[in-house]
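Novice: The structure's right below; bear with me while I get my questions together.
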């Protein structure tokens, strides 16, 4: 049998040879072959690894000869010899499996140094400190990585010597001290590994290669492969690459450059370098690097070569590159190139420019933008560069950052903003409808209780106002107008900052970054829309949101939550009157007071969306949400009883408390809400339907094209929807007759209970459209109350990996996805075009949007601020699955 | 085309001809053909109906001739002629479709009477009152049913004449008054229908037949067919039957008899009769009827004939018969025979006897018993014969009836029972662990709040103690030791009765029926077990329940709820200490106090079930269930603060209130409970596991065969179960080592969250068995919180037919059934023998048990008192689907 080829030079490989050269090796080969001046080197194959392991640590026959032979080529190319006493070739040794494999052996640098050629190298480089430091590092790495000696043993020596000499940093060590360190390191190796530190570079190399191969079977690597379903027989390759030095004189240097400006996206080489320095020196900031522009004057030939390489690399990789280079004795080496990190706005500009430059396609441009980045563009946020220590963390209820004075009272917040133009953060245990004006006035909201669907969270998201809720660590003391976090005390008027995107609370003011929008942004989203199959609507409860949604490119409104409309001022009183009524007549009288407001609300929203569908969900929450809190009321009643101060108020509050108690529910999420209310008290939905249809008729008469879609919440059985649809048509008929005009409308269902998904084919016979309420589907499908779980155990589940994602962030495909699939299959078995949407936060999350695309939804509906990111995600999903 | 046969004599038909003779007609034909002396008659076919309707109300050609011809045969057989002036043949006319069809035309009796033959008949019968009453009834029925005149018009005449003559009942009318009435009725017909009341019997018959046919297409019938998916082209038949009279002299009579004693089941003819009387007279109770025994002496030939007929009928129908008979001029007629209603114990005895008599098979015997009947045997109940007016209605929390004095306090209840041997009903808004001793002492429990899974309901069911809970109408005033229902007032010490089987509350003492058990009962259930494929376990939380379950034939325990074990006396204090702990060490110390109790609990239960599996579910409810009620605590704290009486207690209670608040959940059903607690606080389950295994090891050492099965609640992901199973094996390993003995055990999961059903194949890889928690599956699958819904809207849904059944009573196959099916399919795709059970009340409900059989469960587990009925249902399901 002829010998296999176990060793390849970089120039003998190509990127398609990943399985035998490993990922890193194949990439080095690729770079070499497109003509980059990569420091030369060789790759020992994965096959060699497998045979070595199978033979219990024997290299396959012929491999060592091949290695020697290829190493000679490397020596020739570098003009240096391995082990040469005067100017030795030094190499790095790295592992490189076909798939990325954490847990494998680390890098060894400077391999090839020994006692003798260290001295020769000092002469060549002229920097004793550097060479000796390199040598002690090599011994340390070799001892640790190859000989498996605890790294701490070496650090202990360094620390001891620094202490003895009263030094604070490694930089202060002297070459003499290094001599001592090197000797001690060698002693450690002798005592711990039982061998002399090998002086023969070939022996060093052989041992390093063996160590890489052996590391394939260390415990960390094995566990990683098991968890990630990676085959055990892939094996790893070993990369042996010549080291180059930018610090061998003034004809040397090191630098980093981006092919475009990573901050603005401007198409102009951007970077910096230092003469006679290593890469670390550029980053370390001890000397101030020069702009890459200067290289044009200082080393014009090198600059031209580098510029050309940059252009070539960008063309080859078809993306902005982040390039590390070193100049060793007037020769340019490219050490690394990779896609460069960039700001959100740079990402957008670069993608758009590259399409215009014919470098990438529109589809590629759309795929280049990370959804998370777009989101950051949409909200002001705390400067990620700032070095801040958060005080506490709550739930990320509504994104964006805000800063302001601590104010505990809504009235006071409103007043301060009005009279003094103050910036305030409203801090409450929880918010209630009574706090709305304070929330409007505040820059942001911070609560100590409540979850992602608490009043504070929902209202804040609706307003696009930053909010952190359920911040458990906060102990609020209203009486003294203070709050405590551990032993820290914050008083009314103190400045704080919150970041609703991360959930962090900071003391004092923090540096903020404003949202950046641009024409490129619009261009990119326009392209996105060309690819998307799933379209994007917005959730909007008022004309302002509707307007904003349109600006952000929503094609309609997917969810108007009517309950918030009941919460404002005078309406709340009428609502409470309705709830506390004993008879249908009393309820109708109270509802009649609310009707004109509702009609105006619907009129104004519909008017903002001419020609576009507007889905209006009828009243959903349980009635007790409109009543005072039971605990507070109990407290008040007990107080009134004990003090005997105000007997008539006591009586009134006692009556209210009884009503609140009788309406209280153990599990309101699964209680008397949604269409169950509509069926129990038909007069409530009758009022809402009339308000919608009267608004519609009025707009039609005024010449507007409007498309209201009535949505029934919490339907579980076709019999419910039959009743509700009939009522809708009856009320519409009356209004058409009264107002003497016709108008279009649809009647559909929010599928948010598992049973509804199973009965979707039956319910479809009474419906024009369905929209998934995946928040409730998640709560019921997983048996997890969002508000209760997120602060209490869900984070533990995600942190410990019991659940891969927070199911309220990413759709749980196992159950929620399956329920969606079943519902779609059932409804479309009757009508292949049956319309499906999703409203709720999943509709704005990339992984979930991808699922929505796969499963065949027609639209997602998200808060106005998430419309752009959702448009992008819809396009990316369509491109990925085209 | 030859004429079809449109008219059949009873003797020309048979029961297989249902589609053309209708159900009733085919049955009359059958009775005639097995030789019963049924009053003769004829049937006009459904085909005739269809052709008549198709021809817009024309009888098909030849039909009228056939009718005349067959009627002559009837005349001959009865020895009376239709329309005869002296002794006319009278007939009844009834509709009879192939399927039972409410909404069709009612019966017309006495057809054939007219002014002339009425007089002749008076001479023959010798009872002017009866004949004239019969005639006016005929006119009234004819007017109402055939001519569609409002029945109230006729009733108004009767009322007026009674008022004019100051009479109180129809019985007081005189023959002279009937003459007036008859004339007025005829005027009504003339004025309203525009025709003279037809005096020609043939005309009367023709019009009646047309009316029956026309009623096939009336609105009620059409709607009924649509709802029930009955084809519109079935048509209805018409039954025309000779009327016979038991009141034509002393050679006449009427009676009712059962072939066996319907009260005891004794195999002896049982019945009563009256000479010279109609059937109604026997029932009406104006004259006292004679026992059927007397007929042997009074009319020996008739008696013998009747006795023979009874024997024949029982053999033919293979069931105890309820037979109506009439003797007209020494000739016996059988008017009706049907399966006789019987008491529960009679039903069991008859079924068992009939098997012994080789009359029916064991399978038939098993199918003969209504599950509902068996249930009644199992509990004392309120005498259904008693004429009682309930005061209010709550939820049927725990079956059985109880009576006793109203007592509002658990201590007082206990004391009264101990010192005075009193019977008390404990009345509370809700019960808590502090009330347990009072519940034990009381005859029954009544609460104004809480649902089917409230503390009161669950504990009462466990004790087999009658309970009515969530009785909204009750307004309890503890201060004055009274409760109110509307304007009724009840005080401490007043007697009340409750029926946990119906949910009714009664004032005062009510007559009770005690449970009746018998050997026959055991025999029957023994047979049932021979057929059943699904076996029956019991839910038992203590040794008493376990013992009872065994007596009732349970093959193991399917659910031990460990949480109730934490609620008693000293354990509750330790539990609260555990919950309020800040560190794992503190928690472990508190748990260590509970451990010995738990171990004894498990020891005692396992000891009662030698050789049988015992499934023990680890702690399930959220921790706040073990803490005081938040509202009561708020009240106490506010009171202490206002009065300033006891500052140190105030401080202590304030600390407790903060803890209770921080543990409070918005939707505890979907919150931090079940295995989520076990994963968050591993020390809790560690304690329980140790208690189980130590008890097991001890029993094994004592020579018992025990099979504990550890069940993890609320699992949604295999990763949870992986952790929990590992912990169980670790603790078991420790105990085995410490106690030096081996023992068997299983580790499984309660599938009670939709996600768990979808992930059943994954979870199965870490489980030995699954048990469905269909209560929670129903709550999550339908989005309905049981405790909240049942008092608030679920009853409306069931009453209005939106849902066919209460899904907490009957499994909702659409979603819960489907989730079960999916889980079974997934788990058994890996292991076709994978064990599945169900625990919870669905397992004791016939329709649900049938589904459990169909879907392939291995066992159901129910409260001890439901074990017998479940055994029966399992057998019936197996027989039905064999």
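Residue numbers (the numbering used here), protein chains in the order written: chain A, 1 to 882; chain B, 1001 to 1882. Where is the CB? At the ideal position from N, CA and C, for every residue including glycine.
1. Please identify the residue among B:1759, B:1627 and B:1147 whose C-alpha is closest to the C-alpha of residue 816 of chain A.
2. So residue 732 of chain A is in the alpha helix (DSSP H); what residue range does that whole segment cover?
3. Counting only beta-carbon separations shorter than 7 Å, does residue 1747 of chain B have a partner in chain A?
4. So that I know if they touch, is there some Cβ in chain A lying closer than 7 Å to that of residue 1755 of chain B?
5. Unbroken beta strand (DSSP E) runs of length 3 or more, entirely within the segment 1741 to 1806 of chain B: which are they?
6. Does residue 676 of chain A get closer than 7 Å to chain B when you measure Cβ to Cβ?
7. Please report the distance separating the alpha-carbon of residue 1881 of chain B from that of residue 1851 of chain B.
8. Determine the chain A residues that contact residue 950 of chain B at a beta-carbon separation under 7 Å, and present them in chain order.
9. Going along the chain, which residues of the segment 1599 to 1631 of chain B sit with their C-beta nearer than 8 Å to a C-beta in chain A?
10. Taking only runs that begin and end inside the segment 81 to 142 of chain A, name each unbroken alpha helix (DSSP H) of 4 or more residues, in chain order.
11. Against residue 1891 of chain B, what residues of chain A qualify as contacts under a CB-to-CB distance less than 8 Å, listed in chain order?
12. Mapping the DSSP letters down to three states, classify residue 1252 of chain B as helix, strand or coil.
13. Would residue 1310 of chain B pass as a contact of residue 1259 of chain B if the rule is Cβ separation under 7 Å?
14. Which residue wins for smallest C-alpha separation from residue 1494 of chain B, given the options B:1455, B:1502, B:1482 and B:1021?
15. Nearest to residue 1110 of chain B by alpha carbon, out of B:1064, B:1034 and B:1244?
16. Does DSSP put residue 408 of chain A in a helix, a strand or coil?
17. From the DSSP output, in three-state form, read off residue 878 of chain A for me.
18. To the nearest angstrom, report how far apart residue 1 of chain A and residue 800 of chain A are at their CA atoms.
19. Is any beta-carbon of chain A found at less than 7 Å from that of residue 1229 of chain B?
20. Between the beta-carbon of residue 571 of chain A and the beta-carbon of residue 597 of chain A, is there less than 7 Å?
21. Checking contacts by CB at 7 Å: is residue 1788 of chain B closer than that to chain C?
22. Shortest alpha-carbon distance to residue 1375 of chain B belongs to which of B:1865, B:1642, B:1621 and B:1736?
23. Please state if the CB of residue 1707 of chain B and the CB of residue 1613 of chain B are separated by a distance shorter than 7 Å.
24. Could you tell me the boundaries of the alpha helix (DSSP H) in which residue 846 of chain A lies?
25. Please report how far the alpha carbon of residue 1004 of chain B lies from the alpha carbon of residue 1857 of chain B, in whole angstroms.
26. Let's see if you can read the secondary structure: which residues bound the alpha helix (DSSP H) around residue 1439 of chain B?
27. Among residues of its own chain, excluding the 5 on either side of residue 454 of chain A, which ones have a beta-carbon nearer than 8 Å to its beta-carbon?
28. Could you tell me whether any Cβ in chain A is nearer than 7 Å to the Cβ of residue 1642 of chain B?
29. Thinking residue 1046 of chain B and residue 1237 of chain B are a contact (beta carbons under 8 Å), I'd like their distance in whole angstroms, please.
30. Measure the beta-carbon distance from residue 807 of chain A to residue 782 of chain A and round it to whole angstroms, keeping in mind my assumption that it falls under 8 Å.
31. With a threshold of 7 Å between beta carbons, is residue 1785 of chain B in contact with chain A?
32. Using beta carbons (cut-off 7 Å, strictly below), is residue 1374 of chain B in contact with chain A?
33. What are the start and end residues of the alpha helix (DSSP H) that includes residue 597 of chain A?
34. Please decide whether residue 1001 of chain B counts as near chain A, where near means a Cβ-Cβ distance under 7 Å.
35. Rounded to a whole number of angstroms, what is the C-alpha to C-alpha distance between residue 1106 of chain B and residue 1094 of chain B?
36. Going by CA-CA distance only, name the one from A:539, A:542, A:813 and A:392 that's closest to residue 486 of chain A.
Specialist: Once the coordinates are examined:
1. Counting from 1 along the first chain, the entry for residue 816 of chain A is found at position 816. Of B:1759, B:1627 and B:1147, the residue nearest in Cα terms is B:1759.
2. As a working mapping, residue 732 of chain A is identified with position 732 in the first chain. Note, residue 732 of chain A: alpha helix (DSSP H), 718 to 739.
3. As a first step, residue 1747 of chain B is located in the second chain; it is residue number 747 there, counting from the start. It does not; no Cβ of chain A falls within 7 Å.
4. Counting from one through the second chain, the residue named residue 1755 of chain B turns up at place 755. By this cut-off, residue 1755 of chain B is an interface position.
5. 1746 to 1751 and 1769 to 1773
6. Residue 676 of chain A sits at position 676 when you count from the first residue of the first chain. Contacts with chain B at 7 Å (Cβ-Cβ) include residue 676 of chain A.
7. Position 881 of the second chain, counted from the start, is the residue given in the question as residue 1881 of chain B. Position 851 of the second chain, counted from the start, is the residue given in the question as residue 1851 of chain B. Looking at the two C-alpha atoms, the distance is approximately 11 Å.
8. This structure gives no information on residue 950 of chain B, because the portion of chain B shown stretches from 1001 to 1882.
9. Listed by position along the chain: 1630 and 1631.
10. 115 to 125 and 128 to 141
11. Nothing in the structure corresponds to residue 1891 of chain B, since chain B is present only between 1001 and 1882.
12. As a first step, residue 1252 of chain B must be located in the second chain, where it is residue number 252. DSSP places residue 1252 of chain B in coil when its eight states are reduced to three.
13. Indexing the second chain from 1 puts residue 1310 of chain B at position 310. Indexing the second chain from 1 puts residue 1259 of chain B at position 259. The answer is yes: Cβ separation under 7 Å.
14. By one-based count along the second chain, residue 1494 of chain B stands at place 494. When each option's Cα is compared against that of residue 1494 of chain B, the closest is B:1482.
15. Along the second chain, one-based indexing puts residue 1110 of chain B at 110. Answer by Cα proximity: B:1244.
16. In the first chain, counting from the first residue as 1, residue 408 of chain A sits at position 408. Note: residue 408 of chain A maps to coil in three-state DSSP.
17. Position 878 of the first chain, counted from the start, is the residue given in the question as residue 878 of chain A. Here residue 878 of chain A sits in helix by DSSP.
18. The residue given as residue 1 of chain A occupies position 1 in the first chain. The residue given as residue 800 of chain A occupies position 800 in the first chain. Low confidence applies here, because residue 1 of chain A scores a pLDDT of 45, under 50, leaving its location unreliable and the question unanswered by this model.
19. On the second chain, residue 1229 of chain B is found 229 positions in, with the first residue counted as 1. Contact with chain A is absent for residue 1229 of chain B, since none of that chain's Cβ atoms lies less than 7 Å from the residue's Cβ.
20. Looking up residue 571 of chain A in the first chain gives position 571. Looking up residue 597 of chain A in the first chain gives position 597. Their beta carbons are under 7 Å apart, which means residue 571 of chain A touches residue 597 of chain A by this criterion.
21. Protein chains in the displayed structure are A and B, and chain C is not among them.
22. As a first step, residue 1375 of chain B is located in the second chain; it is residue number 375 there, counting from the start. Out of B:1865, B:1642, B:1621 and B:1736, B:1865 has the C-alpha closest to the C-alpha of residue 1375 of chain B.
23. Your numbering for residue 1613 of chain B matches position 613 in the second chain. Your numbering for residue 1707 of chain B matches position 707 in the second chain. Yes, the Cβ-Cβ distance between residue 1613 of chain B and residue 1707 of chain B is below 7 Å.
24. Along the first chain, one-based indexing puts residue 846 of chain A at 846. Here the alpha helix (DSSP H) through residue 846 of chain A covers 846 to 855.
25. Walking along the second chain from the start, residue 1004 of chain B turns up at place 4. Walking along the second chain from the start, residue 1857 of chain B turns up at place 857. Rounded to the nearest angstrom, the two C-alpha atoms are 53 Å apart.
26. As a working mapping, residue 1439 of chain B is identified with position 439 in the second chain. Unbroken alpha helix (DSSP H) run through residue 1439 of chain B: 1436 to 1441.
27. Residue numbering aside, residue 454 of chain A sits at position 454 when the first chain is read from its first letter. Residues of the same chain with a CB within less than 8 Å of the CB of residue 454 of chain A, apart from the 5 flanking positions on each side, are 397, 430, 431, 447, 469, 470 and 787 in chain order.
28. Residue numbering aside, residue 1642 of chain B sits at position 642 when the second chain is read from its first letter. With 7 Å as the cut-off, residue 1642 of chain B counts as an interface residue toward chain A.
29. Counting from one through the second chain, the residue named residue 1046 of chain B turns up at place 46. Counting from one through the second chain, the residue named residue 1237 of chain B turns up at place 237. At roughly 5 Å, the Cβ-Cβ gap stays under 8 Å, so residue 1046 of chain B and residue 1237 of chain B are in contact.
30. By one-based count along the first chain, residue 807 of chain A stands at place 807. By one-based count along the first chain, residue 782 of chain A stands at place 782. Between residue 782 of chain A and residue 807 of chain A the Cβ distance is about 6 Å, and since that is below 8 Å, they are a contact.
31. Mapped onto the second chain, residue 1785 of chain B falls at position 785. By this cut-off, residue 1785 of chain B is an interface position.
32. Residue numbering aside, residue 1374 of chain B sits at position 374 when the second chain is read from its first letter. No, its Cβ sits nowhere closer than 7 Å to a Cβ of chain A.
33. Sequence index remark: in the first chain, residue 597 of chain A carries index 597 (1-based). Its alpha helix (DSSP H) spans residues 584 to 608.
34. Taking the first residue of the second chain as position 1, residue 1001 of chain B is located at position 1. With a pLDDT of 45 at residue 1001 of chain B, under the threshold of 50, the predicted position of this residue should be treated as unreliable, though the coordinate-derived value follows. Residue contact with chain A for residue 1001 of chain B: absent (no Cβ-Cβ distance below 7 Å to any residue of chain A).
35. For the purposes of this step, residue 1106 of chain B is taken as residue 106 along the second chain, with counting starting at 1. For the purposes of this step, residue 1094 of chain B is taken as residue 94 along the second chain, with counting starting at 1. Their backbone Cα atoms lie some 7 Å apart in a straight line.
36. In the first chain, counting from the first residue as 1, residue 486 of chain A sits at position 486. The option with the nearest alpha carbon to residue 486 of chain A is A:392.
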